[in-house]
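A.B. asks: I'd like to ask some things about the structure below.
Number of protein chains: 4
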Amino acid sequence: MRRRDRFLQTDTFITPLLLDEEKVFKDPVHRYVHVRYKVIWDLINSMEFQRLRRIRQLGTTHYTFHGAEHSRLNHSLGVYEVMRRMVSKLDLSEEEILLCLCSALLHDIGHGPFSHSFEKVFKTDHEQWTQRMIEGDTEVNEILRGISDDFPKKVSEVIGKTHPNQMIVSLITSQFDADRMDYLLRDAYYTGVNYGTFDMERILRLLRIVDDQVVIKHSGMHAIEDYLVSRYQMYWQVYFHPVTRSAEVILRKIFQRAKHLYQQQYAFLTDPVPMIPFFEEREVSIDQYLAFDESTLLYYIQQWCQEEDPIFADLCQRFLHRRLFKYVEFDPQQDYRTWTELQNLFREHGLDPDYYLEVDSPSDLPYDFYRIGQEEGEMMPILLEMPDGSLQELSTQSIIVKSITGKRRFDHKLYYPDDLISDEIRSRLGGK
Amino acid sequence: MRRRDRFLQTDTFITPLLLDEEKVFKDPVHRYVHVRYKVIWDLINSMEFQRLRRIRQLGTTHYTFHGAEHSRLNHSLGVYEVMRRMVSKLDLSEEEILLCLCSALLHDIGHGPFSHSFEKVFKTDHEQWTQRMIEGDTEVNEILRGISDDFPKKVSEVIGKTHPNQMIVSLITSQFDADRMDYLLRDAYYTGVNYGTFDMERILRLLRIVDDQVVIKHSGMHAIEDYLVSRYQMYWQVYFHPVTRSAEVILRKIFQRAKHLYQQQYAFLTDPVPMIPFFEEREVSIDQYLAFDESTLLYYIQQWCQEEDPIFADLCQRFLHRRLFKYVEFDPQQDYRTWTELQNLFREHGLDPDYYLEVDSPSDLPYDFYRIGQEEGEMMPILLEMPDGSLQELSTQSIIVKSITGKRRFDHKLYYPDDLISDEIRSRLGGK
Amino acid sequence: MRRRDRFLQTDTFITPLLLDEEKVFKDPVHRYVHVRYKVIWDLINSMEFQRLRRIRQLGTTHYTFHGAEHSRLNHSLGVYEVMRRMVSKLDLSEEEILLCLCSALLHDIGHGPFSHSFEKVFKTDHEQWTQRMIEGDTEVNEILRGISDDFPKKVSEVIGKTHPNQMIVSLITSQFDADRMDYLLRDAYYTGVNYGTFDMERILRLLRIVDDQVVIKHSGMHAIEDYLVSRYQMYWQVYFHPVTRSAEVILRKIFQRAKHLYQQQYAFLTDPVPMIPFFEEREVSIDQYLAFDESTLLYYIQQWCQEEDPIFADLCQRFLHRRLFKYVEFDPQQDYRTWTELQNLFREHGLDPDYYLEVDSPSDLPYDFYRIGQEEGEMMPILLEMPDGSLQELSTQSIIVKSITGKRRFDHKLYYPDDLISDEIRSRLGGK
Amino acid sequence: MRRRDRFLQTDTFITPLLLDEEKVFKDPVHRYVHVRYKVIWDLINSMEFQRLRRIRQLGTTHYTFHGAEHSRLNHSLGVYEVMRRMVSKLDLSEEEILLCLCSALLHDIGHGPFSHSFEKVFKTDHEQWTQRMIEGDTEVNEILRGISDDFPKKVSEVIGKTHPNQMIVSLITSQFDADRMDYLLRDAYYTGVNYGTFDMERILRLLRIVDDQVVIKHSGMHAIEDYLVSRYQMYWQVYFHPVTRSAEVILRKIFQRAKHLYQQQYAFLTDPVPMIPFFEEREVSIDQYLAFDESTLLYYIQQWCQEEDPIFADLCQRFLHRRLFKYVEFDPQQDYRTWTELQNLFREHGLDPDYYLEVDSPSDLPYDFYRIGQEEGEMMPILLEMPDGSLQELSTQSIIVKSITGKRRFDHKLYYPDDLISDEIRSRLGGK
């Protein structure tokens with residue numbers, strides 16, 4: 001009997017792990033999210049998971065695409081559902097299934113607000129935090145231990161990509177994992193753009209496990225092409241949009257200024273209590289980390305609009321009221337002299353270039369187009385199972401994929417407050 | 001020459017009011033939101049409008065439908081776009097068009113966080129606040145005055161339904177106004193339910209103005225039926241969902257307890273600073289009101305989870321971590337004795353029934369199905385323009401609409417914390 | 001072990017019935033149609049099933065809604081897929097599953113071109129033909145006999161509603177059977193109207209078998225309401241559209257004239273060979289019936305445009321080139337005198353009222369709104385399984401359903417050729 | 001005053017050309033098709049246009065994708081609607097607008113059934129027939145002459161690409177013309193595949209006329225990329241699908257055999273009357289051409305299933321009952337020896353290789369990916385209007401487009417009747 005069939009039997013050892021009745025959530029992307037396991041239901045109801053309601057999936061993207069206000073909880077339920085459909089196609093043991101489902105549900109649990117900006121300034125890492133929350137003293141940990149004592153550790157290893165079963169790792173972190181498939185579809189749905197759509201059902205149907213690797217049947221090549229082009233388009237049209245990046249730049253400057261003021265022992269009207277551990281780069285407790293969600297940060301930014309430090313107050317107001325920096329194409333490495341001149345010009349005009357002049361490049365942002373030969377493990381090649389049974393790397397078969405493979409594309413932009421600069425500076429910028 | 005044609009001329013007096021180039025926002029519901037007027041662009045960029053990003057359209061609904069996390073800004077842009085399409089079908093002067101567009105965009109600007117619960121406890125009124133913000137010392141007011149000195153007053157009157165041009169009033173507040181059409185479509189899109197869909201394009205095409213009233217051509221009757229059935233379904237399936245109401249109940253109890261503690265001079269670990277003016281029922285300034293957005297409230301609720309008052313802390317934790325009250329069908333008016341007994345039982349078991357036992361009925365919630373003979377002005381009948389030119393009230397023509405007309409439907413539920421009650425109480429509740 | 005689980009086992013007796021590999025068809029309505037059983041694959045490839053490509057699902061509806069050109073094969077695959085999803089939720093034996101699937105796939109196999117008009121004139125019955133094809137000397141019969149000798153008989157009985165297992169009968173013919181669910185969704189998709197959408201997935205999930213009846217859980221009431229309102233709207237907006245009916249009227253007149261001419265021994269330029277058995281009301285063989293598909297009929301209509309009989313040629317040209325009759329509201333039973341006068345007027349002007357003046361009422365058309373107390377077996381009530389386990393008839397629970405229950409709605413229209421009539425007749429008609 | 005504004009004035013010379021009231025058609029792809037001009041309404045109701053209902057847009061594609069049964073009339077209305085939206089964005093005179101609209105509506109009017117196969121065998125050309133119908137003695141011609149005597153000629157020139165206003169020509173025939181945009185969206189909708197979707201609204205908004213060329217603003221580059229990738233995917237996934245091509249191969253063989261038998265003076269049971277002019281390669285009259293629609297052809301193929309010639313009857317049965325040829329990858333130019341051997345083997349086994357062995361390559365099919373340097377005029381480059389005002393060819397800016405530019409991709413397949421061949425032949429084929 002295949003292992004999957006056992007999974008459906010109600011008279012075996014599995015029963016105790018199942019809910020009395022399946023629960024469903026209405027989901028705009030996958031229509032319904034189905035929950036049969038009690039452990040999944042309990043994880044969803046844990047305080048650490050519920051906290052993800054207060055952290056938006058796409059950070060500042062809603063400043064550009066007003067529809068994109070969905071939270072990480074929203075996305076995490078989606079990843080779980082994609083994984084549920086994936087594992088139903090594969091021949092896995094029940095423990096493996098649970099491992100896949102829990103890892104999918106919890107893979108983002110360590111995210112903080114506006115992670116990309118925050119992590120850049122404070123050198124934190126959401127993946128480490130995810131692992132800490134799963135292995136530490138949390139509700140999530142307690143629920144996972146209900147499966148077995150070492151289950152939290154296993155989940156953490158899958159998310160950390162160190163679990164010995166690399167096939168399972170690849171379901172959650174690889175070129176077409178449950179995470180990516182959900183976020184492309186979901187972010188496309190919420191922003192309203194066309195770019196992120198592809199035929200997930202077809203991809204899932206054509207997945208195969210060969211030599212402990214997830215590969216895709218040759219007849220699915222065009223569906224995968226479509227998926228990769230979607231990803232490419234979403235990165236350039238949505239994730240790297242300069243208006244979004246402008247808001248991120250301002251946010252980073254707020255963090256930088258707050259830290260600077262704190263170090264200068266500036267007398268805050270509203271002390272940055274929840275951020276102090278991050279400023280001091282000392283150990284942050286799980287409770288401290290959990291408390292620092294997006295509402296907390298927004299509350300502080302709102303308070304700080306009244307601070308006396310003009311740079312700090314100005315940056316906070318800009319972020320809150322969406323008075324973003326403008327931008328021009330500019331690569332300081334190409335034109336270092338202009339870069340130096342601009343910094344001087346800013347200083348002469350009383351604008352601190354450390355806060356009001358910033359170069360941002362999407363290559364700094366999480367960039368994961370399909371490319372081979374990256375150091376990171378997750379850049380594994382996509383393999384096609386050919387009619388003759390051999391495995392071929394995708395870009396050798398697809399001219400479209402080949403065209404977007406291994407090409408790092410840069411988009412250097414210079415961000416600055418157009419409302420504060422003089423005509424002289426403006427013409428200097430325009431002269432780029 | 002029709003007035004609309006003048007509107008399109010670029011060489012007339014209108015030009016100064018237009019942007020150099022049309023701006024568009026990608027919108028998942030209406031595909032694109034188009035902005036041609038500078039005043040609209042400026043209003044969107046005002047701090048009062050941007051603040052609506054920090055207030056969710058559907059309050060606690062995302063506890064039931066995780067997809068429904070969209071903000072009031074998101075909806076307000078949608079209402080503006082529906083209105084823009086409406087006025088393009090009607091023959092209005094440019095000033096009337098601007099009045100319609102600005103009123104549509106700003107109609108929700110006075111909303112605070114979780115308005116329904118908040119207003120119930122503190123007797124505030126978001127519509128009055130909308131008018132105050134438009135007429136008071138705000139960025140929005142300044143921008144509107146750019147059109148003419150009395151323009152803010154006019155916009156305020158349209159939203160307050162006192163403007164002499166009742167036809168314009170009806171475009172923003174009536175049985176099929178821009179507001180309702182947008183929210184049904186938008187809330188259906190974000191929750192993912194099927195219920196809220198109807199053919200808006202057809203309705204807009206068949207609108208006519210007869211005797212200063214907006215009526216609809218007879219051939220649009222089925223489209224309007226569909227719209228009204230959608231509304232009916234959305235109310236019962238989404239807006240009145242008991243899980244959502246359970247979260248609202250808890251929120252009201254938090255407000256009630258906070259006010260009570262404040263009046264008892266309880267020593268808060270975190271003083272409820274932004275709420276004190278509301279507790280004291282004294283004049284709240286516009287700045288104070290603006291500062292009280294959803295992140296501020298969520299920040300405080302999170303802080304209050306650590307308060308020593310056990311009821312207060314418990315309620316806050318319940319709200320934050322979605323540990324909601326359970327519910328049973330119960331109407332105290334039908335069974336007053338049980339109601340009294342339950343309250344006593346709760347007290348005997350050390351549970352204050354003022355905080356842990358609550359009856360909620362959707363008729364308390366904004367209830368605006370189609371029905372005639374309501375006191376409120378917005379319950380105007382929907383009129384069909386018949387083939388012979390006469391006007392007929394809709395429910396005389398449609399058996400479906402007749403079936404949902406004028407029928408107040410109640411759904412009384414009793415909410416309580418299932419995790420805290422004894423088996424005795426539970427069986428008493430179950431015995432209902 | 002539940003019977004469904006056995007169904008998934010690959011090492012039991014079932015295997016021989018399965019294909020080596022699942023086949024899928026891309027379907028715009030259900031996304032994919034999945035085929036695992038060899039018998040289904042073979043039935044799809046039979047000549048009787050393939051013939052359904054040459055018969056449009058909605059007859060003349062594409063004259064009104066140009067998108068609705070889909071065939072009965074298209075719909076039949078959809079019904080099969082809905083049934084496949086239905087049976088996967090129910091606990092049935094493999095033979096019962098096969099019976100359900102085959103009946104769903106074949107339920108329309110006896111349809112001819114423009115059945116409604118054809119059957120009205122020639123007193124044929126597509127359901128009897130379906131049974132004859134299943135039980136007669138056909139490829140379909142041979143394939144079904146591969147399951148067992150009496151299997152064709154059983155399939156025929158399910159479709160004929162005489163099979164002893166009335167629960168299975170109800171899956172294919174009842175208030176919410178696989179047939180209706182598919183055609184509402186499909187016809188809405190192809191016409192492009194909003195009306196036919198409802199949440200089929202939810203309905204399927206909430207189906208239960210109680211006392212050999214298919215009932216629906218109480219929590220699905222609103223989904224069923226939505227489905228019934230969709231059906232109501234589709235009937236009045238799409239299926240009974242007067243332009244469509246006008247084309248049907250002309251078609252019936254063509255059939256009537258052809259038969260009349262044949263009986264008069266008119267010398268056809270193109271003899272109506274395939275229709276002669278129908279004219280003579282003698283036994284039609286299966287082969288003769290199969291040969292009479294929509295292309296055959298359209299070929300003859302095109303030829304007959306050149307016939308000398310002016311009425312016949314005119315009607316054929318009208319049908320082919322969509323020069324349809326106009327219509328006015330008119331009920332001869334209400335105003336018999338006008339009816340007689342009009343017929344005389346037509347005669348006086350040289351227009352034969354038997355061919356150029358026709359009253360049509362949708363109550364003549366297949367009318368199956370939800371209503372109790374019909375003689376026909378398929379008008380069984382929809383039952384809700386209430387929280388207390390009792391069964392309640394739907395219209396006692398839903399005010400919307402109650403409003404459309406048991407009400408026969410008439411829409412009498414008089415059809416006539418506007419291009420041929422005099423102003424006098426026109427004003428007489430307009431005076432209605 | 002801009003010319004477009006004049007277009008909207010109701011008190012000028014335009015009025016006579018307008019309908020009393022706008023007509024709309026419900027369309028599943030563009031939601032509504034709007035008709036304001038009387039000439040358009042009349043053209044739609046002409047017999048030549050109505051005939052397009054009896055010719056499927058995608059020929060044999062519905063054998064692979066059962067949803068794709070839509071007619072050329074369906075598509076033609078869509079092209080008209082896309083053009084209507086295009087011209088509303090451009091600054092054209094009323095005559096130019098009418099020229100664009102009529103050309104869009106009529107551009108396919110000369111198509112016959114299964115054009116690709118038919119034209120290949122009989123050397124006809126649907127574009128010449130379109131021009132002949134527009135300029136000849138037809139209803140369409142008469143309606144167009146209502147605008148002006150030389151208007152039919154102008155429309156014909158636009159469709160024939162010889163009209164002096166090449167900008168107008170390019171709206172109907174170029175890299176992103178109204179025709180292609182509609183068919184990609186429509187064919188994707190009807191087949192149900194994801195591939196053909198792109199943001200047409202965005203493309204239309206960013207079209208500009210520069211130097212009498214239609215170009216697109218640089219900010220629309222990604223939308224165009226998306227459109228070109230969609231086209232690429234539709235070709236390989238839908239238009240060139242081997243099952244579809246197999247049916248086309250059989251159809252060509254039917255035509256070939258019928259002609260051969262006719263030339264051999266074979267005694268047909270059913271004479272191929274409507275095809276004789278094509279067999280004899282003599283002048284075909286417009287009436288003869290019009291009479292030869294898809295129902296006529298299908299009627300004959302059905303009749304011919306009873307012919308005595310075994311090859312002819314077999315091919316007709318295969319086509320009608322979808323008993324298609326199987327296929328293997330094979331390029332005779334690569335392996336001419338095998339090709340010769342196979343032909344001999346077929347002959348030895350009594351299978352005429354002229355009818356039962358065929359190589360088909362999609363490069364034989366209409367192939368119009370984006371590529372520069374083709375001889376045909378319609379392969380004009382797509383130009384982007386850059387921020388600095390210069391025009392740049394698209395593939396110099398887009399790596400994805402570059403990857404699919406100028407690359408002719410071949411897919412040679414060998415088609416054969418698997419049910420008729422011996423194991424020996426099969427293994428020989430499998431050995432490829």
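Taken in order, these protein sequences are the chains called A, B, C and D. Per the UniProt record's numbering, the very first residue in the first sequence carries number 1; after that it's consecutive. Per the UniProt record's numbering, the very first residue in the second sequence carries number 1; after that it's consecutive. Per the UniProt record's numbering, the very first residue in the third sequence carries number 1; after that it's consecutive. Per the UniProt record's numbering, the very first residue in the fourth sequence carries number 1; after that it's consecutive. Backbone N, C-alpha and C define an ideal beta-carbon position, used for all residues, glycine too. These numbers were taken from a predicted model, which means no experiment stands behind them.
1. For Gly192 of chain B, would you say it is in contact with chain A, using Cβ-to-Cβ distances shorter than 8 Å as the test?
2. If you measure from the beta carbon of Tyr266 of chain C to each beta carbon in chain D, is any gap under 8 Å?
3. Tell me where the alpha helix (DSSP H) around Glu348 of chain D begins and ends.
4. For His34 of chain D, which of helix, strand or coil comes out of DSSP?
5. Give me the chain A residues within the contact set of Pro28 of chain B, using Cβ-Cβ distance strictly less than 8 Å, ordered along the chain.
6. Who are the neighbours of His70 of chain C on chain D, taking C-beta pairs under 9 Å?
7. Give the range of the alpha helix (DSSP H) segment to which Ile254 of chain C is assigned.
8. Please classify Asp354 of chain C: does DSSP put it in a helix, a strand, or coil?
9. In chain A, which residues lie with their C-beta within 7 Å of the C-beta of Thr197 of chain D?
10. With burial defined as no fewer than 16 other Cβ atoms inside 10 Å of the residue's Cβ, what is the status of Asn141 of chain B: buried or exposed?
11. Rounded to a whole number of angstroms, what is the C-alpha to C-alpha distance between Leu315 of chain D and Gln392 of chain A?
12. Judging by CA-CA distance, which residue of B:Tyr63, B:Leu43, B:Tyr37 and B:Ser76 is the nearest neighbour of Glu95 of chain B?
13. Along the chain, where does the alpha helix (DSSP H) that runs through Val158 of chain D open and close?
14. Could you please give the first and the last residue of the uninterrupted alpha helix (DSSP H) stretch that includes Lys120 of chain D?
15. Would Ser76 of chain A pass as an interface residue toward chain D - the criterion being a Cβ-Cβ separation below 8 Å?
16. Below 8 Å on the Cβ atoms is my guess for Arg51 of chain B versus Asp293 of chain B; work out the distance and round it to an integer in Å.
17. When you compare the CB positions of Val35 of chain A and Leu17 of chain A, do they come within less than 8 Å of one another, or not?
18. Grouping DSSP H, G and I as helix and E and B as strand, with all else coil, what is Tyr367 of chain B?
19. Cβ of Gly110 of chain D within 8 Å of Cβ of Ile55 of chain D?
20. Glu201 of chain C CB to nearest chain A CB: under 8 Å?
21. For the ligand FAD, I want to know if Ala223 of chain C counts as a neighbour, meaning its beta carbon is within less than 7 Å of at least one of the ligand's heavy atoms.
22. Report back the beta-carbon spacing between Ile143 of chain B and Ser46 of chain B to the nearest angstrom; my notes put them in contact at under 8 Å.
23. Go through its chain and collect everything with a Cβ distance to Pro362 of chain D's Cβ below 6 Å, but skip five positions before and after it.
24. Output, in chain order, the set of chain B residues within a Cβ distance shorter than 8 Å of His222 of chain C.
25. I'd like the list of long-range same chain contacts for Leu324 of chain D, defined as Cβ closer than 6 Å, with 5 residues on each side in sequence excluded.
26. Less than 8 Å between CB atoms is the rule here; does Leu17 of chain C satisfy it with respect to chain A?
C.D. replies: Concretely, from the data shown:
1. yes
2. no
3. Tyr336 to Glu348
4. strand
5. Gly67, Tyr189, Tyr190, Thr191 and Gly192
6. His66, Gly67, Glu69, His70 and Tyr190
7. Pro242 to Gln263
8. helix
9. Asn194 and Thr197
10. buried
11. 39 Å
12. B:Tyr37
13. Phe151 to Ile159
14. Ser115 to Phe122
15. no
16. 6 Å
17. no
18. Confidence in Tyr367 of chain B is poor, its pLDDT being 31 and thus under 50, which makes the residue's placement too unreliable to answer from.
19. no
20. yes
21. The ligand FAD is absent from the structure shown, which contains no ligand whatsoever.
22. 6 Å
23. Phe240 and Asp411
24. Tyr195, Gln233, Trp236 and Gln237
25. Ser246 and Ala247
26. no
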